[in-house]
Amino acid sequence: MQVLTGHEGPVVSVAFSPSPASTALASVSWDKTLKLWNAVESGSSHETVQLTADGLCVTYRPDGEEVAVATLDGQITFFDCKTSQQTGSIEGRNDLGSGRSDTDLITAKKSLQGKAFTSLCYTADGSCILAGGQSKNVCIYNVAEALLLKKFEITQNRSFDAVDDFINRRKMTEFGNMALVEEREEQEGGSVAISLPGVRSGDMAARAFKPEVRVYCLQFSPTGQEWAAATTEGLLIYSLDTSMVFDPFLLEQSITPDSVRKTLQEEDWPKALMMSIRLNEPDLIQQVVETTRPSDVEMTVRSLPRVYLERALKFVASSLESTCHIEFYLIWVQHLVTVYGSTFQANSREAQVTPILLTLQKNLTKKYEELAKICDFNKYTLQYLAKLGEMKSAMKVPEEMHIDSLTGADDG
Numbered sequence: 001m002q003v004l005t006g007h008e009g010p011v012v013s014v015a016f017s018p019s020p021a022s023t024a025l026a027s028v029s030w031d032k033t034l035k036l037w038n039a040v041e042s043g044s045s046h047e048t049v050q051l052t053a054d055g056l057c058v059t060y061r062p063d064g065e066e067v068a069v070a071t072l073d074g075q076i077t078f079f080d081c082k083t084s085q086q087t088g089s090i091e092g093r094n095d096l097g098s099g100r101s102d103t104d105l106i107t108a109k110k111s112l113q114g115k116a117f118t119s120l121c122y123t124a125d126g127s128c129i130l131a132g133g134q135s136k137n138v139c140i141y142n143v144a145e146a147l148l149l150k151k152f153e154i155t156q157n158r159s160f161d162a163v164d165d166f167i168n169r170r171k172m173t174e175f176g177n178m179a180l181v182e183e184r185e186e187q188e189g190g191s192v193a194i195s196l197p198g199v200r201s202g203d204m205a206a207r208a209f210k211p212e213v214r215v216y217c218l219q220f221s222p223t224g225q226e227w228a229a230a231t232t233e234g235l236l237i238y239s240l241d242t243s244m245v246f247d248p249f250l251l252e253q254s255i256t257p258d259s260v261r262k263t264l265q266e267e268d269w270p271k272a273l274m275m276s277i278r279l280n281e282p283d284l285i286q287q288v289v290e291t292t293r294p295s296d297v298e299m300t301v302r303s304l305p306r307v308y309l310e311r312a313l314k315f316v317a318s319s320l321e322s323t324c325h326i327e328f329y330l331i332w333v334q335h336l337v338t339v340y341g342s343t344f345q346a347n348s349r350e351a352q353v354t355p356i357l358l359t360l361q362k363n364l365t366k367k368y369e370e371l372a373k374i375c376d377f378n379k380y381t382l383q384y385l386a387k388l389g390e391m392k393s394a395m396k397v398p399e400e401m402h403i404d405s406l407t408g409a410d411d412g
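Everything in the sequence shown is counted per full-length UniProt numbering, starting at 1 for the first residue and increasing by one.
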């Protein structure tokens with residue numbers, strides 16, 4: 001067991017580098033420092049980076065080249081792992097929201113100054129980061145531009161505390177917030193105490209507890225299509241609905257769905273595929289891919305410029321999950337990987353290629369397991385039927401011999 005020492009305060013978060021060839025470990029502490037360690041070599045030195053406030057969370061970018069740190073002052077700071085230099089910063093405190101608790105004796109503006117992010121997670125391509133913490137909001141930022149892209153509100157359930165930004169003034173009295181007073185129906189004899197099972201002494205009262213809304217942990221799926229949040233509300237999963245988004249790629253005015261279908265009728269498969277990819281309509285790309293003859297798939301793949309390769313492989317990889325034309329799509333995968341395998345291998349560390357390869361691996365593994373179950377069931381069923389046939393054949397032989405013997409006796 002390795003023991004790494006150096007922090008002067010409680011260590012609140014650690015993260016291993018996701019790079020397969022790296023043994024790096026990052027840790028943050030309440031002593032306002034980030035430390036980068038070599039987790040294998042016990043006597044190795046570590047790099048110490050001073051933070052602006054107490055560290056709360058640390059996470060690596062998927063390529064292992066950058067770390068992000070959330071601090072108590074509401075900032076997210078980015079550092080290069082090789083040089084330990086700061087590469088960017090996001091001031092996110094105002095994006096958290098100023099949910100006010102029923103027990104707060106200060107204004108929402110003052111309460112906001114004590115809030116911070118406690119969980120961070122990069123997207124699969126490393127271009128964005130997801131942040132959540134002491135509020136009902138989850139924020140996703142663009143790392144390079146330090147811009148808020150979207151803010152997700154995880155709940156409107158007012159049975160939780162700190163959901164609203166303001167306290168209803170009608171509930172405020174000179175004695176405090178009336179929301180803190182439990183409403184109980186009068187029992188027989190005028191007692192308002194609600195007895196709990198087995199309680200014979202004390203006030204015998206059942207307490208009403210309102211947990212404060214929080215985001216405890218965030219995690220992106222390896223494919224980048226979904227992310228999950230562990231919250232006071234429970235486990236929440238958000239997914240990307242690509243069918244509702246029109247995101248064209250190198251689009252020109254002459255490229256329309258009708259022109260793609262016309263090119264498809266002319267059996268110009270490479271041009272039709274390139275045009276459909278530029279429109280980036282999943283249904284149209286599926287029509288082009290599935291209309292292409294299996295014998296023409298290799299020619300179509302070899303005719304594709306490299307700028308379309310990632311998008312073509314991404315579509316084929318995602319379609320494998322739900323298609324019934326498994327062999328046909330495997331032909332596409334085979335030719336894409338065979339023809340451009342060296343290109344994908346050279347770019348495998350790039351942020352755009354890694355999620356595509358992970359999606360392909362996941363869906364191929366899933367289809368293999370599904371088909372293996374069906375094949376095993378069919379194999380064992382055939383073995384059972386064959387054995388049953390052998391048993392019936394073996395039973396017929398003695399019966400025929402018995403009949404022959406009886407026939408011979410009658411003749412004699």
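All residues carry an ideal CB built from backbone N, CA and C; glycine is no exception.
All figures in this text were calculated on a predicted structure; none of them were measured in a lab.
Run of the beta strand (DSSP E) containing W227, from where it starts to where it stops
E226 to T231
What residue range does the beta strand (DSSP E) around I90 cover?
Counted as a single uninterrupted DSSP element, the beta strand (DSSP E) harbouring I90 occupies residues Q86 to E91.
Can you name, in chain order, every residue of its own chain whose Cβ lies under 7 angstroms from the Cβ of E298, other than the five neighbours on each side?
Cβ neighbours of E298 beyond the five flanking positions: H335.
Along the chain, where does the alpha helix (DSSP H) containing D283 start, and where does it finish?
Run containing D283: P282 to T291, per the alpha helix (DSSP H) assignment.
Going by Cα to Cα distance, which pick from D95, G126 and A124 is closest to Q113?
D95
Going along the chain, which residues of its own chain have a beta-carbon closer than 7 angstroms to the beta-carbon of S29, five neighbours each way excluded?
H7, G9, P10, V11, V12 and G55
Could you have a look at G234 and say whether DSSP puts it in helix, strand or coil?
In the displayed model, G234 falls within a strand according to three-state DSSP.
Tell me which same chain residues have a C-beta within less than 8 angstroms of the C-beta of L264, skipping the five on either side of it?
Here the set comprises A272, Q287, V288 and T291.
Of the choices S127, V143, T123 and T77, whose alpha-carbon is the least far from that of A116?
T77
Jot down the residue ranges of each uninterrupted alpha helix (DSSP H) in the segment 322–368, minimum 4 residues, whole runs only, in chain order.
DSSP assignment within the segment 322–368 yields the following whole alpha helix (DSSP H) runs of 4 residues or more, N-terminal first: 326–346.
Which two residues bound the contiguous alpha helix (DSSP H) that contains L276?
Residue 276 is actually Ser in this sequence, not Leu. Looking at the DSSP string, the run of the alpha helix (DSSP H) that includes S276 is W269 to L279.
Mapping DSSP to helix, strand and coil, what is G133?
strand
What are the start and end residues of the beta strand (DSSP E) that includes K150?
L147 to E153
If you compare alpha carbons, which of V49, N137, I237 and V14 is closest to Q86?
Out of V49, N137, I237 and V14, V49 has the C-alpha closest to the C-alpha of Q86.
In the structure shown, what three-state DSSP assignment does K396 receive?
helix
Assign V301 to buried or exposed, taking buried as 16 or more other Cβ atoms, counted over all protein chains shown, within 10 Å of its Cβ.
buried
Going by beta carbon distance, what residues of the same chain come within less than 6 angstroms of S27, once the five residues before and after it are set aside?
Excluding residues within five positions, the ones whose Cβ falls inside 6 angstroms are V11, V14 and K35.
For a test of the three-state rule: what should DSSP assign to V67, helix, strand or coil?
strand
Tell me the DSSP secondary structure of F79 in three-state form.
strand
Closer than 8 angstroms by C-beta to A144: which residues in its own chain qualify, once you throw out the five before and the five after it? Chain order, please.
If we look at A144 and ignore the five residues flanking it on each side, its Cβ neighbours are G88 and S127.
Bridge partners for Q219 per DSSP, in chain order?
A228
Per-residue burial, K136 [other beta carbons within 10 Å of its own, 16 or more giving buried]
buried
Backbone CA spacing between A230 and S239 [nearest angstrom]
15 angstroms
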